[in-house]
Structures are given as C-alpha cells and as structure tokens.
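Taking it in order: structure first as structure tokens, then the write-up.
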Amino acid sequence: MSSPLPPSTPAIRHEHAFVLQKVQPALLGLMDGSVSTLAPIFATAGLTGKPIDAFFVGLAASLGAGISMGLAEALSDDGKVSGRGTPLGRGLITGLATVLGGMLHTLPFLLPDLKAALTLAYVVVILELLAIALIRWKYMRSPLGQTIFQVIVGGAVVFAVGVWLGRLGAVG
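According to UniProt numbering, numbering within the sequence shown proceeds without interruption in unit steps and concludes at 172.
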C-alpha cells in the first residue's frame, strides 16, 4: 500500500528513520536471539534430559549473543553517513532484542518436566518466528507468505540441527 504523502515529507522521513534506527536493529536482534540459541538449547535438552541444564545453556547463549550482537551493531558504523542513528542506541536495541529472542523459548525449561518444557518451547518458537515474520511484513514491506516461509524454514533448519545433535550425543 503506497503512502498518500509525497516522498519528501517530514512524516515519510520520520517513518524511514524509525524503521532504520529502531525496527531494523530490534528485528536483527530478535531474529538472531530466536534462531541462534535454538540448537544449543535443544541439543542440551536431548543430551542431558534435564530441563534445568537446557535453561542454563539458553541463558548463557542468550546473554552471550546479546552482548555480542549489541557490540557488533554499535561498532558497525557511527550512523553519520548511513543515517542509522546513534551506535549506543542501536547497540542497546539489538542486544536487548537478542536476549529477549533467546530467552523467550528458554524460559519453558524452568519447568521440571522435560516433555512439558519441550512442548511449551516448541509453541514459543513458532510464535517467535511468526512475530518476526509479521514485523518484517509490517515494517519492511516483505510479502507475508514469503517472509513466513523464509523465517519458518530458517528456524526449522536450526531447530533440526539442535535436535539431531542432541540425539547424536545421547547415543554416543
């Protein structure tokens, strides 16, 4: 849907700056946290059979990824040429979103029952990936079907690697 405002209006510039300086770093962090922590968490759950072990691996992976992504985003450019905003602001947004993305599906592993923790974590992962797809659709104007497919397939690949490694390690 095209905007009724001409491209040079302050409203368009404000929306562009908001997407570039806030939404994009948050989306980057949410995507990274949601996907990068899947394999270690589910591999640990499969290896040990103990939800609390998976929780602490997820906590460590989420915090480590959040710090790493926050620093990477803050140090990637000063924002003067790109218009991407202040490095500190982008770094904080990306880092916090990364931690959030990783912790949402880590929290179910506080449940003492592995099957219940895994089931709830599966549901949370699907909701995370759908939220990412909706954010991409709304703010990045990506086609909804295509973005859902991309995000779900990407998440499924990482999830499958984690489950596979967990089973492989449990057998060996």
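Idealized CB from N, CA, C, for every residue including glycine.
The beta-carbon separation of L28 and E73, rounded to 7 Å, stays under the 8 Å limit for a contact. Taking the CA atoms as reference points, S82 sits about 43 Å from T119.
Going by C-alpha positions, K115 is about 27 Å away from A97. Rounded to the nearest angstrom, the Cβ distance from V171 to A39 is 17 Å, too far for a contact under 8 Å. According to the DSSP assignment, K22 belongs to no alpha helix (DSSP H), since it is labelled neither H nor E.
Here G91 is not near L30, since their CB atoms are 7 Å or more apart.
Taken in chain order, no unbroken stretch of alpha helix (DSSP H) lies wholly in the segment 64-89 with a span of 4 residues or more.
Look at T147 here: in three-state DSSP terms it is helix. For F18, the closest of T86, I52, G33, A43 by C-alpha to C-alpha distance is T86. Of G58, G79, Q24, the smallest CA-CA separation from F42 is found for G58.
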